[in-house]
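Protein chains in written order, with numbering that gives the first Met the number 0: chain V, 0 to 203; chain D, 0 to 483.
C-beta atoms are modelled at their ideal positions from N, C-alpha and C, and glycine is treated no differently.
Quick caveat: nothing in here was measured; it's all calculated off a predicted structure.
Let me begin by presenting the structure, written as structure tokens, before commenting on it.
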Amino acid sequence: MDKDTEREIAEGLQQGDRQAWLELYEAYAECVWNNVARLMGFDCPAVADVVQETFLAAARSAMNFDPDRGSLRVWLYGIARRQIALYYRKQDPKIILARVKKWWASLDGEKIDWINAREDAPPEVLESRELAALVRFALMKLPAEHQALLLAKYVDDRSVNKIAEDLNCSPVAVTSKLARARKMFRVAFGKLIQSMLNSKEVSL
Amino acid sequence: MKTDSNNKDIRFSKLLSTVEKGKVLPDRQFLDQLRDKAIEEFEIYSVESEDQLEAATTSIWRISMKSSITKIAAAAVLIIAVLIGINQFGGSVDVSSVAFGQVLEYFQGSSYSFDLTFATVIEDEDRISEAYTSRAKVWEMGKMRFDCSENGKIGSISSIADFNTGRSLLLFHHNKTAVTKKESVLSNAGVKGIFSFCSKPVENLWNLRDGTEEQLGEKEIDGQRVTGFRVFQKDKYFEYDITIWADFESGAPRLVEVMANPLEDYLSVKWTMENFDLDVELDEGLFSLEVPAGYILAYQEDLEKLEVDTEPSVESGKIVQMLELWSQGKKDEAVELLVGVDWTKQIEFGREPYIFSLTEKGYVSLKPKDQQRAIKNIMAMASTMKKIAKEALAKGKAATSNRNYDHAEQYFNAGLQLGKLLDRNPESMIITRLVGISVESITLKEMISLYKTTNDHEKLQAAENQLRMAEAERDEIKKKAMGL
């Protein structure tokens, strides 16, 4: 979405303009779904629930949207992130993590190097649902902006320049934020593994 | 080096892309249905209106948000302000579990007090902000009082609410200001209103419905056997995870924790209520909603109706005329008019210009929209005054260069008197006084320079003393404004 459209929608939302809301929905409904689906995996009804709660929460607070705090995309992703966290709080992620713990412990090799991208992870590891679950949980630990940045750059393969346009900041700022986001992801991943192996309660 | 970096990027990309595995594709039919639901929700919430006092409360909230400790303190005050209302308006508590019902009866009982701790949760960093604890007092007839003695920008505050009448009173002691609200703080005013924001978690706690509680079993708190209950509630902004621990035998509450998890991008908030004193004796006078003597009621007055007990004098007419000339671009005439003011005579103004008539208390008493208008007017006027003073100084300096020292002193004195005029009333707006002191200071510096040139030691010493006093006064005003 270009800056002018984004600004027009933001102004419309603040004034309670129905058309602005519809434009926002059309522009971002599928993006939000995709983002939620990435972070939740296979469970279609759960994804639908979270997407619904995200847009209803956004509708309730759209008039308070503050463009100075980030783009519409980051705002919606932030709401979605919280909805996912709430969902997991109720679902007891310990059940999923118990399975992942077993799987992680059974793996050979320098696992920490895979996470730090110093070594290639074996294809079968990259294909596993368990690793996907761990990555999702680690991403959920990140602030919405960092989460969105990592997914845009490394999953959607968007260029730094394009991301900079989305976020209304300079490419240098994006590069710097990306470096911080990668670091935070690795720390979150490491903490997750550590607490899982120590059998501590893992909260999302 | 670059290749290594690229490889790392590729590996990292592969790792993150695992989230794409098994991803559920968008359900277009579902999204079409959701569009209708969401637009309905958007339209409902976009027509909600905030009343003027809600805006005013938000305004106070914004001011208090500038300091983290007062942020917490203010929030705690307002949360407590709401607590009392739960007794009265959350009265439809309907429980099937006897034990749970017993617990809830205590909350609806006679006078009691408890410690309330408020903290925001920094989720991304897995930590809780600095917690703030204070004592809340609840009166049997649905009245409450909370005194916060925190020394922040907003100073100490008392919050009193009567939920039988739906009225509340907030007292800011440092500037002797009172804010009242006639309707229930539990009204559905939206998250913009801090009362509503704070009320929701606790409102939910007291509006527990039959069968919603989950039994948590027993444990010990400080050696006492307690029974636990947990309830999840949700409103449009938060999901609340409420835990209540009560005495195993009597059902008396020991510990209540409310975790408010935001549904959108707000901070999580945690409230803890403990150390309940269920037999406390309180004085009903503490819960009076009358505005105390000497306090000014905020957000009520129109700027045009502001009471001023003075009439414009002849000399003040010159000042007003000077401002008009300046606005017309007649700078020299404006400055000459300033020089011609007889500062020995009485200079009194009427309601306008507001820069001379509006006091801090008067400002607080204005309606929010009028406050904005007033401050805009005063800022513009202050800017003009400074420009006129600088013009007078420039003329004074030119006269000094021409060794026309008497003439120079006249210009400098005009600037100095203008500054003093702005700073003469200790009740004036802080911004007005600071502009006045600023004008005084720059003028005195020029005068010091002039008296050094003329070797007038007596006047030099007097000017230096005045400058020191002006600077000390400026520091004092700034400290006071910052709550130091």
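Minimum length 4: unbroken alpha helix (DSSP H) runs contained in the stretch 213-301 of chain D: none
For G40(V), decide whether its Cβ has a neighbour in chain D, counting only Cβ atoms nearer than 7 Å. As a working note, residue 40(V) is residue 41 in the first sequence. With a threshold of 7 Å between beta carbons, G40(V) makes contact with chain D.
Check the Cβ-Cβ distances between V230(D) and every residue of chain V, and say whether any is below 7 Å. The residue you call residue 230(D) lines up with position 231 of the second sequence. No - not a single Cβ of chain V is within 7 Å of the one on V230(D).
Does M505(D) pass the burial test, meaning 16 or more other C-beta atoms within 10 Å, or should it be called exposed? Because chain D in this structure spans residues 0 to 483, residue 505(D) falls outside the shown range and cannot be described.
I62(D) at chain V interface by Cβ criterion, 7 Å: Mapped onto the second sequence, residue 62(D) falls at position 63. Low confidence applies here, because I62(D) scores a pLDDT of 34, under 50, leaving its location unreliable and the question unanswered by this model.
Are any of the Cβ atoms in chain D nearer than 7 Å to that of L55(V)? Counted from its first residue, the first sequence places residue 55(V) at position 56. Yes, because at least one Cβ of chain D sits closer than 7 Å to the Cβ of L55(V).
One or two residues paired with Y111(D) in a DSSP bridge: Here residue 111(D) is taken as the residue at index 112 of the second sequence, counted from 1. Bridge pairing for Y111(D): V137(D) [DSSP].
Would you kindly work out how many angstroms separate the C-alpha atoms of E426(D) and L277(D), rounded to a whole number? Here residue 426(D) is taken as the residue at index 427 of the second sequence, counted from 1. Here residue 277(D) is taken as the residue at index 278 of the second sequence, counted from 1. Straight across, the Cα-Cα distance linking E426(D) with L277(D) is about 45 Å.
In this structure, how does DSSP classify S157(D) when only helix, strand and coil are distinguished? For the purposes of this step, residue 157(D) is taken as the residue at position 158 of the second sequence. Three-state DSSP puts S157(D) in a strand.
In the structure shown, what three-state DSSP assignment does L33(D) receive? By 1-based counting over the second sequence, the position of residue 33(D) is 34. Helix, per DSSP.
List the residues that DSSP assigns as beta-bridge partners of K101(V). Within the first sequence, the letter at position 102 stands for residue 101(V). Looking at the DSSP output, K101(V) sits in no beta bridge, so it has no partner there.
Within chain V, the residues that D114(D) reaches when beta carbons sit closer than 7 Å: Here residue 114(D) corresponds to residue number 115 of the second sequence, with the count starting at 1. Counting only Cβ-Cβ distances below 7 Å, D114(D) has no contacts in chain V at all, with the closest Cβ about 26 Å away.
In the DSSP assignment, find the beta strand (DSSP E) that holds R166(D) and state where it starts and stops. In the second sequence, residue 166(D) corresponds to position 167, counting from 1. It spans R166 to F171 - the beta strand (DSSP E) in which R166(D) sits, taken as one unbroken run.
Complete alpha helix (DSSP H) runs within the stretch 1-56 of chain V (minimum length 4 residues, chain order): 2-13 and 17-39
Using beta-carbon positions only, say whether T53(V) and Q82(V) come within less than 7 Å of one another. The sequence position of residue 53(V) within the first sequence is 54, counting from 1. The sequence position of residue 82(V) within the first sequence is 83, counting from 1. Against a cut-off of 7 Å, the Cβ pair of Q82(V) and T53(V) comes out as a contact.
Tell me which residues share the same chain as E390(D) and place their Cβ nearer than 8 Å to its Cβ, disregarding the 5 neighbours each side in the sequence. Residue numbering aside, residue 390(D) sits at position 391 when the second sequence is read from its first letter. Cβ neighbours of E390(D) beyond the five flanking positions: K330, A333 and V334.
For L365(D) and I237(D), the rounded distance between their alpha carbons: Taking the second sequence and counting its residues from 1, the one referred to as residue 237(D) is at position 238. Taking the second sequence and counting its residues from 1, the one referred to as residue 365(D) is at position 366. In the sequence on display, residue 237(D) carries Phe and not Ile. Taking the straight line from one Cα to the other gives about 34 Å.
Quick check: the Cα distance between K140(V) and I159(D), rounded to an integer number of angstroms? Position 141 of the first sequence holds residue 140(V). Position 160 of the second sequence holds residue 159(D). Here the C-alpha atom of K140(V) lies approximately 40 Å from the C-alpha atom of I159(D).
Suppose you measure from the CA of A172(V) to the CA of V159(V); what does that come to, to the nearest Å? Within the first sequence, numbered from 1, the residue matching residue 172(V) stands at position 173. Within the first sequence, numbered from 1, the residue matching residue 159(V) stands at position 160. If you take the alpha carbons of A172(V) and V159(V), they lie about 10 Å apart.
Could you say which of A104(V), C43(V), K110(V) and N33(V) lies nearest to D76(V) if we only look at CA atoms? Within the first sequence, numbered from 1, the residue matching residue 76(V) stands at position 77. Residue identity differs from the one stated: residue 76(V) is Tyr in this sequence, not Asp. Closest by alpha carbon: N33(V).
Is it right to say T4(V) is buried, meaning 16 or more other beta carbons lie within 10 angstroms of its own, or is it exposed? Here residue 4(V) refers to the residue found at position 5 of the first sequence. Exposed is the call here.
Residues of chain V with CB under 9 Å from I38(D), in chain order? In the second sequence, residue 38(D) corresponds to position 39, counting from 1. By Cβ distance, chain V contributes R17, W20, L21, Y24 and A58.
Short CB-CB distance (under 7 Å) between V154(V) and chain D: Residue mapping note: residue 154(V) aligns to position 155 of the first sequence, counting from 1. It does: the Cβ of V154(V) has a partner Cβ on chain D nearer than 7 Å.
Would the C-beta of E164(V) count as close to the ligand FMN, meaning under 6 Å from any of its heavy atoms? Of ligands this structure carries none, so the ligand FMN is not represented either.
Grouping DSSP H, G and I as helix and E and B as strand, with all else coil, what is V23(D)? Numbered from 1 along the second sequence, position 24 holds the residue referred to as residue 23(D). The answer is coil: DSSP assigns V23(D) none of H, G, I, E or B.
Kindly list, in the order they appear in chain V, the residues whose Cβ is closer than 8 Å to that of N260(D). For the purposes of this step, residue 260(D) is taken as residue 261 along the second sequence, with counting starting at 1. Neighbours of N260(D) on chain V, chain order: R81, A84, L85 and R88.
My output table needs one value for L392(D): the three-state DSSP class, helix, strand or coil. For the purposes of this step, residue 392(D) is taken as the residue at position 393 of the second sequence. In the structure shown, L392(D) sits in a helix (DSSP, three-state: H, G or I).
Within the 7 Å Cβ cut-off, does P252(D) reach chain V? By one-based count along the second sequence, residue 252(D) stands at place 253. Not closer than 7 Å to any Cβ of chain V, the Cβ of P252(D) fails to qualify, so no.
Is E29(V) close to chain D, meaning its C-beta is less than 7 Å from at least one C-beta of that chain? To locate residue 29(V), count along the first sequence from 1; it is residue 30. Yes, its Cβ sits closer than 7 Å to a Cβ of chain D.
Do we get a CB-CB distance below 7 Å when we pair F29(D) with the residues of chain V? The sequence position of residue 29(D) within the second sequence is 30, counting from 1. Under the Cβ distance rule, F29(D) counts among the residues neighbouring chain V, one pair being separated by less than 7 Å.
Per-residue DSSP class, three states only, for L357(D): Along the second sequence, one-based indexing puts residue 357(D) at 358. Under the three-state reduction of DSSP, L357(D) is assigned to coil, being neither helix nor strand.
If you follow the alpha helix (DSSP H) that R157(V) is in, where does it begin and where does it stop? Against the first sequence, residue 157(V) aligns to sequence position 158. No alpha helix (DSSP H) holds R157(V); DSSP gives it neither H nor E.
From R350(D) to T358(D), what does the alpha carbon distance come to, in whole angstroms? On the second sequence, position 351 is the one that residue 350(D) refers to. On the second sequence, position 359 is the one that residue 358(D) refers to. Looking at the two C-alpha atoms, the distance is approximately 11 Å.
Once the 5 residues before and after E463(D) are set aside, which same chain residues still bring their CB inside 7 Å of it? Start at 1 with the first residue of the second sequence, and residue 463(D) comes out as number 464. Closer than 7 Å at the Cβ level, and outside the excluded window around E463(D), lie I447.
Pair every Cβ in the stretch 182-199 of chain V with every Cβ in the stretch 132-148 of chain V, then say whether three or more of these pairs are closer than 8 Å. yes
Count the other CB atoms, across all protein chains shown, that sit within 10 Å of the CB of Q87(D); report buried if there are 16 or more and exposed otherwise. The count along the second sequence starts at 1 and reaches residue 87(D) at position 88. Only weak support exists for where Q87(D) lies, its pLDDT of 28 falling under 50; the coordinates are left without a value.
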